[in-house]
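Engineer: One structure, as structure tokens, below. Some questions next.
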Amino acid sequence: MPPRHAAAPPAPAAQPVTRLARWRVLLARYWACNMTLVYDLGSGWPGFGYTPDETQDMRAVAVRVRRTEFGAWVLLVVLLALPMLGVGMWLGLSLLDAMAGGAGNAARLPASLLYLMLALQVLLALSVVLPAGMLAAAALTGYWFKVPDAALPGHDFALHYGRRLWLQLTRMAALSASV
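Once you know that position 142 of the sequence shown is 143 in this note's numbering, the rest is easy, because the numbers rise by one and skip nothing.
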């Protein structure tokens, strides 16, 4: 793929077919802002490497997003993902208690079962719950800031970076769960 110039953002999206498609494009837009901020601060996240062309693509999308809009997305990710993570942890521990025959019997479970359950919770939290919270935050932020379709990157951009984001989070989760 030939390199793109940073001043030319990816083609704007046509009218999104579904709400979910629009939310995915919004998520890719905010993720581009997130990674542009990380790179502008002179750092990187382990496991979240992008090529120079991808970095330019993300920067071209990020310059079109207001700081308050991006800040609202980050705040909403925290406010939505933390309770979702808490519910997931509670459900996992409740399942573990049920497998033990009640809370009083938890000490009888083998340690390997506890570690397996914790590893599965980490995997679920990073590969399902966090992306779901990010998607919900993107939908709400796009709605509150009335982001027009013309301001959104193309669906190809959303598919590429959305897939990359999910694979990166899942890889982090698998590595964390295996430690």
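Idealized CB from N, CA, C, for every residue including glycine.
Note that the structure is a prediction, hence the values are computed from the model and not measured.
Taking the straight line between their C-alpha atoms, what separation do you get for Leu-252 and Met-85?
Structural biologist: Only positions 2 to 180 of the chain appear in this structure, which leaves residue 252 out of reach.
Engineer: Using DSSP with H/G/I as helix, E/B as strand and the rest coil, what is Arg-1?
Structural biologist: Absent from the structure is residue 1, since the part of the chain shown begins at 2 and ends at 180.
Engineer: Let me check understanding here. Comparing Cα to Cα, which of Leu-97, Val-64, Thr-69 lies closest to Met-118?
Structural biologist: Taking the first residue of the sequence shown as 1, we reach residue 118 at position 117. The shortest C-alpha separation from Met-118 is found at Leu-97.
Engineer: Classify Met-100 as buried or exposed, calling it buried when 16 or more other Cβ atoms lie within 10 Å of its own Cβ.
Structural biologist: Counted from its first residue, the sequence shown places residue 100 at position 99. Its Cβ having fewer than 16 others within 10 Å, Met-100 is exposed.
Engineer: Within 10 angstroms of the Cβ of Pro-149, are there 16 or more other Cβ atoms? Answer buried if so, exposed if not.
Structural biologist: Sequence index remark: in the sequence shown, residue 149 carries index 148 (1-based). So Pro-149 ends up on the exposed side.
Engineer: Please list, in chain order, all residues of the same chain as Trp-167 whose beta carbon is under 8 Å from its beta carbon, the five residues on each side excluded.
Structural biologist: Here residue 167 corresponds to residue number 166 of the sequence shown, with the count starting at 1. Excluding sequence neighbours, Trp-167 sits near Ser-128, Pro-132.
Engineer: Would you kindly check if the distance between the Cβ of Gly-163 and the Cβ of Arg-25 is under 7 Å?
Structural biologist: Position 24 of the sequence shown, counted from the start, is the residue given in the question as residue 25. Position 162 of the sequence shown, counted from the start, is the residue given in the question as residue 163. Their beta carbons are under 7 Å apart, which means Arg-25 touches Gly-163 by this criterion.
Engineer: Give me, in chain order, the residues of the same chain whose beta-carbon lies closer than 6 Å to that of Leu-124; leave out the 5 immediate sequence neighbours on both sides.
Structural biologist: For this step, residue 124 is matched to residue 123 along the sequence shown. Ala-174, Ala-178, listed in sequence order.
Engineer: From what residue to what residue does the alpha helix (DSSP H) around Ala-108 run?
Structural biologist: As a first step, residue 108 must be located in the sequence shown, where it is residue number 107. Looking at the DSSP string, Ala-108 is not in any alpha helix (DSSP H), and its letter there is neither H nor E.
Engineer: Over what stretch of residues does the alpha helix (DSSP H) that includes Leu-28 continue unbroken?
Structural biologist: Sequence index remark: in the sequence shown, residue 28 carries index 27 (1-based). First-last of the alpha helix (DSSP H) with Leu-28: 20-41.
Engineer: Answer yes or no: do Val-78 and Ala-138 have a C-beta to C-beta separation smaller than 7 Å?
Structural biologist: The count along the sequence shown starts at 1 and reaches residue 78 at position 77. The count along the sequence shown starts at 1 and reaches residue 138 at position 137. Yes, the Cβ-Cβ distance between Val-78 and Ala-138 is below 7 Å.
Engineer: For Asp-58, is the classification buried or exposed, using 16 other Cβ atoms within 10 angstroms of its Cβ as the cut-off for buried?
Structural biologist: To locate residue 58, count along the sequence shown from 1; it is residue 57. Per the 10 Å Cβ criterion, buried.
Engineer: Are the beta-carbon atoms of Leu-28 and Leu-170 separated by less than 7 Å?
Structural biologist: The count along the sequence shown starts at 1 and reaches residue 28 at position 27. The count along the sequence shown starts at 1 and reaches residue 170 at position 169. In this structure, Leu-170 does not lie closer than 7 Å to Leu-28 by Cβ.
Engineer: Checking contacts by CB at 7 Å: is Val-66 closer than that to chain D?
Structural biologist: This model lacks chain D altogether; it includes just one protein chain.
Engineer: Do Ala-33 and Val-62 count as a contact pair if the criterion is CB distance below 7 Å?
Structural biologist: Translated into the one-based positions of the sequence shown, residue 62 becomes position 61. Translated into the one-based positions of the sequence shown, residue 33 becomes position 32. In this structure, Ala-33 lies closer than 7 Å to Val-62 by Cβ.
Engineer: Do Thr-142 and Ala-73 have their C-beta atoms within less than 7 Å of each other?
Structural biologist: What you label residue 142 is simply residue 141 of the sequence shown in a count that begins at 1. What you label residue 73 is simply residue 72 of the sequence shown in a count that begins at 1. Cβ distance < 7 Å, so Thr-142 and Ala-73 count as in contact.
Engineer: Taking DSSP as the reference, what is the three-state secondary structure of Trp-46?
Structural biologist: The residue labelled residue 46 in the question sits at position 45 within the sequence shown. Coil at Trp-46, not helix or strand.
Engineer: Quick check on the DSSP output: the alpha helix (DSSP H) that includes Ala-137 runs from which residue to which?
Structural biologist: As a working note, residue 137 is residue 136 in the sequence shown. Counting along the chain, the alpha helix (DSSP H) containing Ala-137 begins and ends at 131-145.
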